[in-house]
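Taking it in order: structure first as structure tokens, then the write-up.
Numbering (this note's numbering), first residue to last: 241 to 546.
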């Protein structure tokens, strides 16, 4: 196990804005700074993207890490404030964790891995943080070497742990080379776990779209939806994958409440012949013809037979 012997912090220096570009989708602010003994002479490039048509900010980083076998690591600090009784939560593998309160006893508290999001929750709002590239964080402070049994962060600061060479097994000692990573943020008056989950999933698994001419009637374009779950706020479509008989939907309840799927509406689609509840590998359990209840935090798999 790694224990701190001597701690020295190096921050970005000679920071400057190199360009501002006003694009069709976002305004880009490009910056550069030097990091002594960490990056090569080019330093670290940072780009701030301010989106115009959605409430979103992106931060992009790029650098070439120097070779260094001494114990070292890179953090990006996000010092969110904790006003209005704010507190941190993060999504683990299928559940929401409030550090120091509902975290499983004996699990790591010096560092945590976020699944789709971390959030600063307030009474009537929240800030949502997501990164598909760098999931490892330390919460409240840099806690390395403390080995807390139970740790409740005293601030709402998030420290993104970009890399380190503290591990002594199966990791290169120098951690050198080209690095690129990204973060996304938003804020919302909706402070539910469902809103945070939807944002995090959308950033990690973005919708892939294709534009085509579509069908028209009398010169007017027709829009059709095969599957609409938007009326069930606390039900997340984790994935939709093809199967031999149709499409398998992986659904998860996100709010600790129940949700109801309107199977009747699905069966009204002309291409769907039947709906079955199946297990994770697609084996049929039972046919469903009426409303389907999804319980608190429950996961369901549905086969849309076509």
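Think of the CB as a built atom: it goes at the ideal place given N, C-alpha and C, for glycine as much as any other residue.
Cut-off 8 Å between Cβ atoms - residues of its own chain near residue i, not counting five sequence neighbours on either side
i           : result
residue 265 : 291, 292, 293
residue 326 : 320, 360, 361, 362, 396
residue 295 : 426, 427, 428
residue 506 : 467, 512, 515, 544
residue 422 : 298, 299, 300, 301, 371, 372, 373
residue 419 : 301, 302, 303, 304, 305, 402, 403
residue 273 : 252, 253, 254, 255, 256, 283, 284, 286
residue 338 : 327, 328, 329
Residue i to residue j span [Cα, whole Å]
i           : j           : result
residue 557 : residue 336 : Limits of the chain in this structure are 241 at one end and 546 at the other, which puts residue 557 out of reach.
residue 413 : residue 304 : 16 Å
residue 526 : residue 538 : 17 Å
residue 448 : residue 478 : 15 Å
residue 490 : residue 349 : 30 Å
residue 417 : residue 256 : 23 Å
residue 262 : residue 268 : 6 Å
residue 494 : residue 333 : 12 Å
residue 341 : residue 329 : 10 Å
residue 529 : residue 351 : 46 Å
residue 486 : residue 366 : 38 Å
residue 323 : residue 289 : 26 Å
residue 275 : residue 346 : 36 Å
residue 504 : residue 480 : 19 Å
residue 271 : residue 258 : 5 Å
residue 518 : residue 253 : 56 Å
residue 483 : residue 432 : 33 Å
residue 406 : residue 284 : 22 Å
residue 310 : residue 386 : 20 Å
residue 408 : residue 394 : 30 Å
residue 384 : residue 314 : 12 Å
residue 415 : residue 308 : 7 Å
residue 410 : residue 277 : 24 Å
residue 424 : residue 246 : 33 Å
residue 382 : residue 318 : 12 Å
Where the alpha helix (DSSP H) through residue i begins and ends
i           : result
residue 505 : 503-507
residue 438 : 433-444
Cβ-based burial, residue i [other Cβ within 10 Å; buried from 16]
i           : result
residue 354 : buried
residue 397 : buried
residue 361 : buried
residue 389 : exposed
residue 182 : Any question about residue 182 goes unanswered here, given that the chain covers just 241 to 546.
residue 316 : buried
residue 260 : exposed
residue 523 : exposed
residue 250 : exposed
residue 364 : exposed
residue 344 : exposed
residue 443 : buried
residue 438 : buried
residue 286 : buried
residue 531 : exposed
residue 380 : buried
residue 508 : exposed
Range of the contiguous beta strand (DSSP E) that encloses residue i
i           : result
residue 272 : 266-274
residue 415 : From DSSP, residue 415 is part of no beta strand (DSSP E); its letter is neither H nor E.
residue 368 : 366-370
residue 286 : 279-291
residue 541 : 539-545
residue 358 : 358-361
residue 535 : Looking at the DSSP string, residue 535 is not in any beta strand (DSSP E), and its letter there is neither H nor E.
residue 260 : 253-262
Same chain, Cβ closer than 7 Å to residue i, five either side skipped, listed in chain order
i           : result
residue 520 : 541
residue 496 : 536, 537
residue 280 : 304, 306
residue 534 : 475, 491, 493, 498, 499, 501, 540
residue 434 : 473, 474, 494, 495
Residues near residue i by beta carbon distance below 6 Å, same chain, minus five either side
i           : result
residue 357 : 331, 368, 370, 436, 440
residue 400 : 316, 374, 377
Cutoff 9 Å: residue i Cβ touching any chain B Cβ
i           : result
residue 288 : The structure shown has no chain B; it contains just one protein chain.
In the region 479-533, which residue ranges form an unbroken alpha helix (DSSP H) of at least 4 residues, counting only runs that do not cross its ends? With a minimum length of 4 residues, the continuous alpha helix (DSSP H) runs that stay inside the region 479-533 are 503-507.
Unbroken stretches of the beta strand (DSSP E), 3 residues or longer, contained in the region 294-322: Whole beta strand (DSSP E) segments, 3+ residues: 297-305, 313-320.
Can you check the region 378-411 for any alpha helix (DSSP H) of at least 4 residues that lies completely inside it and give the ranges in chain order? none
Whole beta strand (DSSP E) runs in the region 321-349 with 3 or more residues, listed along the chain? 327-331
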